[in-house]
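Read through the structure below, which is laid out as structure tokens, and then see the notes.
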Amino acid sequence: MYLSDKVLIVEGKTDKRRIEEVLVEPVQIICTFGTMGVSKLDEILEQLDGSEIYILSDADKEGRKIRKWFKRHLSESTHIYIDPKFGEVGRCPRDYLANLLMRHGFYVDTSLIMKGKFYDERAVGDTGYIQSYSL
Numbered sequence: 657m658y659l660s661d662k663v664l665i666v667e668g669k670t671d672k673r674r675i676e677e678v679l680v681e682p683v684q685i686i687c688t689f690g691t692m693g694v695s696k697l698d699e700i701l702e703q704l705d706g707s708e709i710y711i712l713s714d715a716d717k718e719g720r721k722i723r724k725w726f727k728r729h730l731s732e733s734t735h736i737y738i739d740p741k742f743g744e745v746g747r748c749p750r751d752y753l754a755n756l757l758m759r760h761g762f763y764v765d766t767s768l769i770m771k772g773k774f775y776d777e778r779a780v781g782d783t784g785y786i787q788s789y790s791l
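Plus 656 on top of the position in the sequence shown (first one is 1) and you've got this note's numbering.
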């Protein structure tokens, strides 16, 4: 059971594991396993039921194909893009992924947040500390 109304759709198990390493909130993560079809899309859509949907796919041909499917059939979803130099979500550095997800409203492990290239000033509260998630 998930306490969050957020759903994150990724391509595979390594992407899911990497995301689970940085998230601290309960988010349903659905794997497409790199392929999309009408039956697979219908199966995913049945699970979503009014949730905020985020698409996080790799920066390759299959990732673009999956994004295209979701843009066509689920236009209200939010697409999160990784830097193409990493290629795959599963290969993104944890600090980069934590900052990327935090910019989209996810609660992440704050020990991974580092000032620098991937740091987002807007996510820091008035106290100068990143707001942490609590159940």
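C-beta atoms are modelled at their ideal positions from N, C-alpha and C, and glycine is treated no differently.
Do you know offhand how far I686's Cα is from L757's?
16 Å
CA-CA distance, Y763 and V666?
18 Å
By the three-class DSSP mapping on this structure, what secondary structure does I769 have?
coil
Looking at V678 and L753, is the spacing between their C-beta atoms short of 9 Å?
yes
Who pairs with I736 in a beta bridge, going by DSSP?
L712
Neighbour-count burial assignment, D714, 16 or more Cβ in a 10 Å radius:
buried
On a CA-only basis, which of K717, I722, D705 and I769 is nearest I711? Give me that one, please.
I722
Can you list, in chain order, the residues of its chain with a C-beta nearer than 8 Å to that of K676? Leave out the 5 residues immediately preceding and following it.
Reading the sequence as shown, one finds Glu at residue 676 and not Lys. Cβ neighbours of E676 beyond the five flanking positions: I685.
Identify whether T670 lies in helix, strand or coil by the three-state DSSP scheme.
helix
Outcome for G784 when other beta-carbon atoms lying within 10 angstroms are tallied against a minimum of 16
Since pLDDT at G784 reaches only 37, below the 50 mark, its modelled position is unreliable, and no value is offered.
What did DSSP end up calling V680 once you bin it into helix, strand or coil?
coil
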